[in-house]
Amino acid sequence: QALPCGHRRPFLRTLSSRICTRGALVGAAAMPKRRAGQKEGSSSAATPEEGGAKRSCHDGPGLVTSLESISYQIDGGLRHVEPYDFDFTTHVKQRWVGRTLLEVFSKEFVAYSAEYYQASIEAGRVTVNGQKVTPGHELRDGERIVHRAVRCRENPVLDRGLIRVVAETKELLVVSKPSSLPIHPCGSYRYNSLIALLRAQGTVAPGAELYTTHRLDRLTSGLVIFAKTKAAARQVGAWFQGSEIRKTYLARVRGSFRELIDSVSGLGGGEGQRTDGAALPAGVTLASEGRIRLNGFIQCIDHKVGKYVYAFERPTVGEEAKDAETQFEFAGAAPNGESVVRCFPSTGRTHQIRVHLNHLGYPIANDSCYGGELRGDPSLPLIPHVRQAHNGVDGEVLEEEAAETTMHPSGIFLHALTYRLPDDEFTSETPLWAEESESGG
């Protein structure tokens, strides 16, 4: 059974702990959200420190100290970052060698158009080793590329107030991530990222090291475990890699998941059949009473959009597939004929739970990438996806393009509820969309 939020067992005897009760927050510094008496829609300044590398979130490529301050604006339940200038810095990768600068930027960095990149290179806003070059410049190994982007615009994220801290020790920081936030600065999210906001609200001190130990998709909410030392990062990372951490997720899916459980348990249709006579999905077996198991492989079929598929047997063509296993239980009935499901992934493959539920025929209800529908929900509304404005030769922003937006999900019905470490356990709050369900026992 899940523990109340903030309840923990003693962690590794070498790690002293400070326990935070349900909803408690660490750090007295106010979030750059709104000051006392400040109305929604007004701006405030913040100065998140450097962060963003996948391991060390201190001086990685995500944020730079040259940007001394930024401004957030809270409007309609969304957190916006005011436009700012930004230096994107990278070094030539092996696969870029011999290709032209324009070709690499146009095909590998899709935030802007090819026309924008050509104009920026010709205007000198993209330099190589500090020098202005032509769009046809052939890249060489080790060259340093800097792209000076003018008035960068970030996608807004849900404003849920201060990031909730579940627990903190000398070596670990465990928080509950809202959906819509990526963990690291990436793509169109730099200061609207979990790490940046933790620094901005004072939970993480300026200059303090912070290391990630696992992944959690931007659209997924729930527990994130950070390490404060390299040793702790290696230990927790090894536990995740070795499947020594028992994970429990909640998902809300289309259809009556109880029917699938009953079918596999032999309480409905005949062997190998659902109660409606249809064949059971490949790879499904009974794990224990009231719990089913799905085994198989997961394979990436499109890196550009990050699309994965299930295969019962290891594919012999395409990218290497990885074995994956998840167990599922029916947790309760939800509105609109949907179900809340407890998910227990034994492995940690990208999009594993989403892919597995789609294969079972019970996709996450609002996961349009894997069988669900694109829809708004009271707790997870659709939010604007901001199109980066095309900057002219002199860096001016074309206002008609700056205004162009499309709507996209702020999150999906998937939540990391509990992580049980070898000698510890952390549990986050139950999301609103799961609390609506009628218990299934």
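In the working numbering, the protein residues as written are 568 to 1008.
C-beta: ideal position from N, C-alpha, C; glycine also.
Report yes if the CB atom of residue i is closer than 9 Å to the CB atom of residue j, and no otherwise.
i, j, result
"L748", "L777", "no"
"I688", "V677", "no"
"P948", "G644", "yes"
"G822", "H982", "no"
"V741", "V664", "no"
"A891", "T914", "yes"
"L988", "V733", "no"
"G709", "T667", "no"
"L817", "R909", "yes"
"R757", "V907", "no"
"D654", "R720", "no"
"T852", "V831", "yes"
"G863", "G873", "no"
"A932", "R825", "no"
"R692", "V671", "no"
"L827", "L927", "yes"
"S680", "S995", "no"
"P882", "L861", "no"
Relative to the alpha-carbon of residue i, which residue among the options has its alpha-carbon at the smallest distance?
i, options, result
"P930", "I950, S832, S788, F895", "F895"
"T657", "L706, G928, A686, Y651", "L706"
"C867", "K889, K797, M974, A690", "K889"
"P976", "D869, P945, Q685", "P945"
"D642", "K795, P951, P998, E992", "P951"
"A898", "G885, N925, I859", "I859"
"A1001", "R813, V717, L984", "L984"
"M974", "V953, Y986, S638", "V953"
"P752", "R785, T694, G774, F672", "R785"
"K871", "Q661, K674, P650", "K674"
"K795", "A772, E940, T694, Q685", "A772"
"A775", "K737, R801, T997", "K737"
Assuming residue i and residue j are in contact, meaning their beta carbons sit under 8 Å apart, how far apart are those beta carbons, in whole angstroms?
i, j, result
"I782", "E905", "According to the sequence provided, residue 782 is Arg. The question's Ile does not apply to it. With a Cβ gap of about 26 Å, R782 and E905 do not count as contacting."
"I712", "V659", "7 Å"
"N759", "R646", "6 Å"
"L739", "A799", "6 Å"
"T787", "S746", "6 Å"
Can you name, in chain order, every residue of its own chain whose Cβ lies under 7 Å from the Cβ of residue i, other than the five neighbours on each side?
i, result
"D934", "R921, I979"
"Q919", "I865, A891, T893, P912"
Using C-beta distances below 8 Å, list every residue in its chain close to residue i, excluding the 5 sequence neighbours before and after it, in chain order.
i, result
"F807", "T780, H781, G915"
"E856", "S832"
"N696", "E710, R711"
"Y937", "H918, R921, V922, L924, N925, P930, I931"
By Cβ distance, which residues of its chain are closer than 6 Å to residue i, with the 5 residues on each side in sequence left out?
i, result
"D652", "V717"
"Y986", "L790, I812, K814, F993"
Quick one: is the Cβ of residue i within less than 8 Å of any heavy atom of the ligand MN?
i, result
"T657", "In the structure shown, the ligand MN is absent, as is every other ligand, since no ligand is present at all."
Which runs of the alpha helix (DSSP H) fall wholly inside the region 633-715 and span at least 4 residues, in chain order? 668-675, 681-690
Which runs of the alpha helix (DSSP H) fall wholly inside the region 728-758 and span at least 4 residues, in chain order? none
Could you give the uninterrupted runs of the alpha helix (DSSP H) lying entirely in the region 895-961, keeping only those of 4 residues or more? 919-927
Could you tell me which uninterrupted beta strand (DSSP E) segments, each at least 3 residues in length, are contained entirely in the region 785-850, listed from first to last along the chain? 788-794, 813-820
Runs of 3 residues minimum, wholly inside the region 977-1006: which ones carry the beta strand (DSSP E) assignment? Secondary structure remark: continuous beta strand (DSSP E) runs of at least 3 residues inside the region 977-1006, in chain order: 981-988, 991-994.
Which parts of the region 855-900 are runs of the beta strand (DSSP E), unbroken and 3 residues or longer, counting only runs that do not cross its ends? 858-869, 874-878
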